[in-house]
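Peer 1:
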């Protein structure tokens with residue numbers, strides 16, 4: 125069986141910039157700081173809107189406050205889906221590189237790679 129080597133166009137500098145942006149916001153992006161959460165959701169949506177995916181917010185209420193998920197969809201939405209996610213809020217008053225800025229940066233980079241490579245998918249991503 126012949127193996128195939130695929131070169132993935134990962135850009136470390138973009139990952140770093142995304143983590144820096146996510147961790148530099150003040151006050152921290154916890155559930156009490158809705159303006160910080162909204163700013164970061166806007167940043168995520170802005171980055172995703174540069175790509176060939178559909179982007180929308182899924183708003184929800186918790187304890188009388190409105191929060192939102194940022195959803196990006198690649199592919200035909202009528203097919204089976206694979207969901208890849210990360211939360212963009214933090215626990216407490218911390219910058220949150222490990223909670224969860226690094227995962228959000230990874231998801232943004234994955235979206236950029238999918239957009240660049242345009243793989244043939246048998247499912248919605």
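In our numbering, the protein residues as written are 125 to 249.
Beta carbons are placed, not taken as given, at the ideal position from N, Cα and C, and that holds for glycine.
#1: Whose C-beta lies closer than 7 Å to the C-beta of residue 240 among residues of the same chain, with five residues either side of it excluded?
#2: Leaving out the 5 sequence neighbours to the left and right, which residues in its chain are closer than 8 Å to residue 265 when beta-carbon positions are compared?
#3: Are the beta-carbon atoms of residue 184 and residue 249 separated by less than 8 Å?
#4: Whose C-beta lies closer than 8 Å to the C-beta of residue 173 among residues of the same chain, with five residues either side of it excluded?
#5: Restricting to runs no shorter than 3 residues, where is the beta strand (DSSP E) found entirely within the segment 163-192?
Peer 2: Once the coordinates are examined:
#1: Here the question's residue 240 lines up with position 116 in the chain shown. Same-chain partners within the cutoff: 133.
#2: Any question about residue 265 goes unanswered here, given that the chain covers just 125 to 249.
#3: Start at 1 with the first residue of the chain shown, and residue 184 comes out as number 60. Start at 1 with the first residue of the chain shown, and residue 249 comes out as number 125. No; because the gap between Cβ atoms is not below 8 Å, this pair is not in contact.
#4: Your numbering for residue 173 matches position 49 in the chain shown. Answer for residue 173: 179, listed in chain order.
#5: Within the segment 163-192, the complete beta strand (DSSP E) runs of at least 3 residues are 178-186.
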